[in-house]
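*Asks:* Can you keep this structure in mind? I'll have questions shortly.
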Amino acid sequence: MAPWTVHRATAPATPDDAAMWAVTGASRAHADTHRSLFGYPDAAWQAPEVAALLRERPYERSTLLVATADGARHEADAVVGAALVNVPTQDNPHLAVAESWVRPDVRGRGVGTALLDAVEAAARAEGRRTLIVMSTHRAPADGTPTAVSRSGTGAVPALDAATRLAAARGYGLEQVERFSTFAFPLDDERRAVVRRAHDDAARAAGDAYRLVAWTGPTPDAHLDQMAVLRTRMSTDVPTADLQVEEEPWDAERVRAHDREVVEQGRVAAVVAAQHVPSGDLVAFTVVEWPPTLPEVAYQQDTLVVAAHRGHRLGMLVKTAQLLRLEDLWPGLRRLHTWNAQENDHMLAINVALGFTPTGVLGMWQRDLDGGGRERPVV
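Put into C-alpha cells, the structure is as follows:
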C-alpha cells in the first residue's frame, strides 16, 4: 500500500479557520503542477476560490480531497496532491466531475492512484454512476506517442502519468480540449487585426443585432434571457460522447451563479448580442478576472443560439470583449480559454484573433457501476 493518506477537507468558515490548511495546500500543489507544465500558475485554483466552492451551494456540491504522507501533520506544506469532486444537485443526478493534481516532486510514487481511489469512492458515496475526470497536459510534441480521443479529434500525451493511470483504470478519453492563450497588451498591429475582425463581423450582423455589455452581476433586465442562454450552453456546445444532460436555468440560478463568482473573488465581464426585432439575447461571451491575480483572466462560456448562427455573432461578441478588456483591466497580460477540439468554428475564431496553443485538457469518462477499488478517506 502506498504511504499516503487522503483527507476530506472541511469547508473553512473564515480565512483564519484551521481548516484552511487543506485548501491552502491544495492550491499550492495545483500552482506547482501548472508551473511545472506551463511556466506559470495562472490556471491553478487559488485558495479563496477553493474555499468558496466548498461552501453550501444550491446547484452543485464540491468535495476537496487532499493527500499527505501517512502520519503527516495537518499543515499546508504537507499536501502532496489534491482532487476536487463536483456533483450537480438539481440536474444530472448520475454524474460526478473531478480533477486531480499531484505535486511534481512526488510524481510516480502512487499519489495519483490514491487520489483516484478516493475520487471514485466519493462519487459512489454521492450515488453517481458516471465519473468524468479531467487531466491537464502540455500539447503532445511532434513524433511522440499520443492517446487520441474516441471522437477522433484531439489527443493527449500517451506517456504522461495521468494518461497511463486513466487508461489502466478503464476510463475512455471521450474529448480533448485545446488550452489557448491571448496575450495582452495589444500592440498596434494586433489591435488592428481585432478591430478589423470586429468591423467585418458588425457589417455581417447588420442592423438586426446590437451589442449589450456589463461587468459584475447580471442586470435584472437580462436575467431571464441569460437563463435561456445558460440552459442552451449546457447542451449546444460539442460534448462528444460525454454523458451530460441539460442544465435547466432560471433567473434565480443566474443570480446564484453570479453570487458564486463574487464569493470566489472574481469579476465577470459579459458581452451579449441582442436581436433587435425580438429583444432577445442570442449570443454571449463571459470573461472572469481575479483582482488578486490581475495579469490573468479566464474565458468562460461563449455561445451563439443555433437559430441566429451564420451572422458572425461569435466573432462580434468575442472581438468586442477583447477590445474592452484592456480598458477594464489594464494590468491584464494573459487571457486563457479552453475549447473542444471538434469545435472548429470557435477554434478558427480564436486562431484568427491571435490565440496561441498552450496545452490540452483530457476529458476521461468511466461507468462506475463496473466496480473498482476504493481507498479510505479520512
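Take the sequence shown: its letters are residues 0 to 377, numbered as in numbering that gives the first Met the number 0. Here a beta-carbon is modelled for each residue, glycine too, at the ideal position from N, C-alpha and C.
Skipping 5 residues on each side, what residues in its chain have a beta carbon closer than 7 Å to that of M0?
*Replies:* Translated into positions along the sequence shown, residue 0 becomes position 1. In this prediction, M0 has a pLDDT of 47, which is less than 50 and means its spatial position is unreliable; nothing more can be read from the coordinates.
*Asks:* Looking at the structure shown, is R372 part of a helix, part of a strand, or coil, going by DSSP?
*Replies:* If you number the sequence shown from 1, residue 372 lands on position 373. Confidence at R372 is low in this model, with a pLDDT of 47, below 50, so the placement of that residue should be treated as unreliable; the coordinate-derived value is given next. In this structure, R372 counts as coil in the three-state DSSP scheme.
*Asks:* Could you give the C-beta distance for A122 and L367, rounded to a whole number, given that I count them as a contact under 8 Å?
*Replies:* Taking the first residue of the sequence shown as position 1, residue 122 is located at position 123. Taking the first residue of the sequence shown as position 1, residue 367 is located at position 368. At roughly 6 Å, the Cβ-Cβ gap stays under 8 Å, so A122 and L367 are in contact.
*Asks:* Taking only runs of the beta strand (DSSP E) that begin and end inside the segment 50-85, which ones reach a length of at least 3 residues, in chain order?
*Replies:* 59-68
*Asks:* By Cβ distance, which residues of its chain are closer than 6 Å to S148, with the 5 residues on each side in sequence left out?
*Replies:* As a working mapping, residue 148 is identified with position 149 in the sequence shown. If we look at S148 and ignore the five residues flanking it on each side, its Cβ neighbours are L172, Q174, V175.
*Asks:* Beta carbon of E125, beta carbon of V155: below 9 Å?
*Replies:* Residue numbering aside, residue 125 sits at position 126 when the sequence shown is read from its first letter. Residue numbering aside, residue 155 sits at position 156 when the sequence shown is read from its first letter. Contact flag unset, no.
*Asks:* Per DSSP, which one or two residues make a beta bridge with W328?
*Replies:* Position 329 of the sequence shown holds residue 328. Paired residues: none, contrary to the question.
*Asks:* So, using beta-carbon positions, are A316 and A347 closer together than 9 Å?
*Replies:* As a working mapping, residue 316 is identified with position 317 in the sequence shown. As a working mapping, residue 347 is identified with position 348 in the sequence shown. The question names Ala, yet the displayed sequence has Val at residue 316. Going by beta carbons, V316 and A347 fall outside the 9 Å limit.
*Asks:* Would you mind reading off the limits of the alpha helix (DSSP H) that contains V253?
*Replies:* Along the sequence shown, one-based indexing puts residue 253 at 254. From DSSP, the alpha helix (DSSP H) with V253 extends over 250-262.
*Asks:* Using three-state DSSP, classify V5 as helix, strand or coil.
*Replies:* The residue given as residue 5 occupies position 6 in the sequence shown. In the structure shown, V5 adopts extended strand secondary structure according to DSSP, grouped into three states.
*Asks:* What are the partner residues of L334, as DSSP defines its beta bridges?
*Replies:* One-based indexing of the sequence shown puts residue 334 at position 335. F181, A296, per the DSSP bridge assignment.
*Asks:* Rank L280, Q340, H136 by C-alpha distance to the C-alpha of A239 and give the top, closest one.
*Replies:* Taking the first residue of the sequence shown as position 1, residue 239 is located at position 240. Out of L280, Q340, H136, the CA that lies nearest to the CA of A239 is found in Q340.
*Asks:* Output needed for R374: all residues of its chain with C-beta closer than 7 Å, excluding positions within five of it in sequence on either side, in chain order.
*Replies:* Translated into the one-based positions of the sequence shown, residue 374 becomes position 375. Residue placement at R374 is flagged as unreliable, the pLDDT there being 46, under the threshold of 50; the coordinate-derived value follows with that caveat. For R374, where only same-chain residues beyond five positions count, the Cβ hits under 7 Å are V5, A113, D116, A117, A120.
*Asks:* Which one of M19, R34, S233 has the shortest CA to CA distance from T357?
*Replies:* Start at 1 with the first residue of the sequence shown, and residue 357 comes out as number 358. Just measuring C-alpha positions, the residue of M19, R34, S233 sitting nearest T357 is R34.
*Asks:* Near T291, which residues of its chain fall below 7 Å by C-beta distance, leaving aside the five closest residues on each side in sequence?
*Replies:* Numbered from its first residue, the sequence shown carries residue 291 at position 292. Cβ neighbours of T291 beyond the five flanking positions: Q45, G264.
*Asks:* Among all the DSSP beta bridges, which residues are the ones paired with Q89?
*Replies:* Here residue 89 corresponds to residue number 90 of the sequence shown, with the count starting at 1. For Q89, which the question treats as bridged, DSSP gives no partner whatsoever.
*Asks:* Please list, in chain order, all residues of the same chain as A12 whose beta carbon is under 8 Å from its beta carbon, the five residues on each side excluded.
*Replies:* Numbered from its first residue, the sequence shown carries residue 12 at position 13. Within its own chain, the residues whose Cβ lies closer than 8 Å to the Cβ of A12, once the five positions on either side in sequence are excluded, are A18, listed in chain order.
*Asks:* Determine the DSSP secondary structure at M0, reduced to helix, strand or coil.
*Replies:* Residue 0 sits at position 1 when you count from the first residue of the sequence shown. At M0 the pLDDT is 47, less than 50, meaning the model places this residue with poor confidence and gives no usable figure here.
*Asks:* Would you grab the beta carbon distance between V295 and A138 for me? Rounded to a whole angstrom, and I think it's under 8 Å.
*Replies:* On the sequence shown, position 296 is the one that residue 295 refers to. On the sequence shown, position 139 is the one that residue 138 refers to. Their Cβ separation, rounded to whole angstroms, is 20 Å, which puts V295 and A138 out of contact at 8 Å.
*Asks:* Using three-state DSSP, classify G107 as helix, strand or coil.
*Replies:* Here residue 107 corresponds to residue number 108 of the sequence shown, with the count starting at 1. DSSP places G107 in the coil class of the three-state scheme, outside both helix and strand.
*Asks:* Please name the residue, chosen from P247, Y297, D187, that lies closest to R333 on a Cα-to-Cα basis.
*Replies:* Here residue 333 refers to the residue found at position 334 of the sequence shown. Of P247, Y297, D187, the residue nearest in Cα terms is Y297.
*Asks:* On the premise that W3 lies in contact with E74, defined as a C-beta separation below 8 Å, what is that separation, rounded to the nearest angstrom?
*Replies:* As a first step, residue 74 must be located in the sequence shown, where it is residue number 75. As a first step, residue 3 must be located in the sequence shown, where it is residue number 4. That pair is no contact at about 15 Å.
*Asks:* My understanding is that Q299 touches R209, with C-beta atoms under 8 Å, so please give their C-beta distance in whole angstroms.
*Replies:* What you label residue 299 is simply residue 300 of the sequence shown in a count that begins at 1. What you label residue 209 is simply residue 210 of the sequence shown in a count that begins at 1. That belief does not hold up - the Cβ atoms of Q299 and R209 are roughly 22 Å apart, past 8 Å.
*Asks:* Which of helix, strand or coil does DSSP assign to R190?
*Replies:* In the sequence shown, residue 190 corresponds to position 191, counting from 1. Note: R190 maps to helix in three-state DSSP.
*Asks:* Would you say R202 and P57 are within 9 Å of each other, going by their C-beta atoms?
*Replies:* The residue you call residue 202 lines up with position 203 of the sequence shown. The residue you call residue 57 lines up with position 58 of the sequence shown. Not a contact, by the Cβ cut-off of 9 Å.
*Asks:* Rounded to the nearest angstrom, what separates E244 and F37 at their Cα positions?
*Replies:* As a working note, residue 244 is residue 245 in the sequence shown. As a working note, residue 37 is residue 38 in the sequence shown. When rounded, the distance between both Cα atoms is 33 Å.
*Asks:* May I ask you to list the residues that DSSP assigns as paired with W363?
*Replies:* Sequence index remark: in the sequence shown, residue 363 carries index 364 (1-based). W363 pairs with V132, L172.
*Asks:* To the nearest angstrom, report how far apart A305 and A271 are at their CA atoms.
*Replies:* For the purposes of this step, residue 305 is taken as the residue at position 306 of the sequence shown. For the purposes of this step, residue 271 is taken as the residue at position 272 of the sequence shown. Looking at the two C-alpha atoms, the distance is approximately 15 Å.
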